[in-house]
Structure formats: structure tokens, C-alpha cells
Amino acid sequence: MRNLIAIALVVLLIGCAKPVPTEKASYVGEWNGTAMALLITQDGSVAYRRLEGGVNKSIDGPLKGFEGDNFVVGIGPISTTFIVSSPPHQEGDVWKMTVDGVVLTRKNAEHGESAHRAENSTDA
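Using numbering that gives the first Met the number 0, read the sequence shown as starting at 0 and increasing by one per residue.
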């Protein structure tokens with residue numbers, strides 16, 4: 000019975016996720032900073048870990064959407080808004096963004112370059 004409930008919850012979570020829109024493709028990837036890790040997948044799954052004040056915080060959930068540069072993760076009325084004060088941008092060969100006051104660096108710079116090209120391409 001427990002396995003059935005767990006499977007149902009996973010299906011529900013996956014079904015609630017919204018894929019990352021093309022104009023926000025640069026957000027996709029594995030990001031790391033001081034005492035913080037963030038994973039955003041193209042299909043809209045988000046995994047967040049942070050150690051703050053001796054307390055571990057974690058969120059695993061579907062992407063609900065974007066509000067400007069910020070993004071919202073959660074299900075129904077239960078959600079968390081991540082404040083992005085500096086959206087993804089390239090500094091030399093490194094991609095960075097600032098989320099909830101923490102400067103994050105994308106682990107896979109190659110992905111960022113392709114995401115950047117996707118954001119700046121125009122279809123005629």
C-alpha cells in the first residue's frame with residue numbers, strides 16, 4: 000500500500016511541473032554557491048538544498064512558473080518563491096545568478112552557452 004501511495008505522489012508531482020519556458024532556458028542546470036545547491040531541469044523539476052544558521056533547508060518540487068526573474072516552486076497553495084536579484088548571466092566562461100542573496104555558479108558551463116544561444120536566436 001505504501002508503495003502505491005508513493006508512486007501516486009510522484010506521478011502527481013511530475014504532472015504539476017511546468018517546463019521551463021524557452022526565454023528562461025538559462026535557468027536550467029545545476030547551480031552551486033556557499034552552503035547552497037539548486038537544480039532546475041528543463042521539464043520543471045526543482046531540487047534545492049541550503050545550510051543556513053545551522054539549519055538544513057530543502058525543497059523538491061515542481062516549478063509553478065516565473066514571476067519576472069523570480070521562480071515559484073510548489074503544489075497548489077503550498078509554494079516557495081525564490082528571489083532572483085541577478086538572473087543567469089555569463090561572466091567570462093562562467094555562468095552566474097544570485098538567488099535569495101547567494102551567488103550561484105552553474106556547474107555545466109557548456110549548457111549555459113547553448114541556453115544563451117537559444118535565448119538569443121530568432122526564427123525567421
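Cβ atoms here follow ideal geometry from the backbone N, Cα and C, with glycine treated the same way.
Query	Result
Pick from Thr40, Thr79, Ala34: whose alpha carbon is nearest that of Lys17?	Thr40
Need the endpoints of the beta strand (DSSP E) that Gln89 sits in, please.	83 to 90
Could I get the ranges of all uninterrupted beta strand (DSSP E) runs contained in the stretch 20 to 58, with 3 residues as the minimum, in chain order?	28 to 32, 35 to 39, 44 to 51
By DSSP, does Asn107 sit in helix, in strand, or in coil?	coil
Which residues does DSSP pair with Lys95 in a beta bridge?	His88, Thr104
With a cut-off of 8 Å on the beta carbons, I'd call Gly73 and Lys63 a contact; round off their distance for me.	6 Å
Residue range of the beta strand (DSSP E) that Gly73 falls in?	69 to 74
Would you list the one or two residues that DSSP bridges to Pro61?	Ser44
Which term fits Val83, buried or exposed, when burial requires 16 or more other beta carbons within 10 angstroms of its beta carbon?	buried
Let me check understanding here. Comparing Cα to Cα, which of Asp42, Gly28, Glu66, Arg49 lies closest to Ala36?	Arg49
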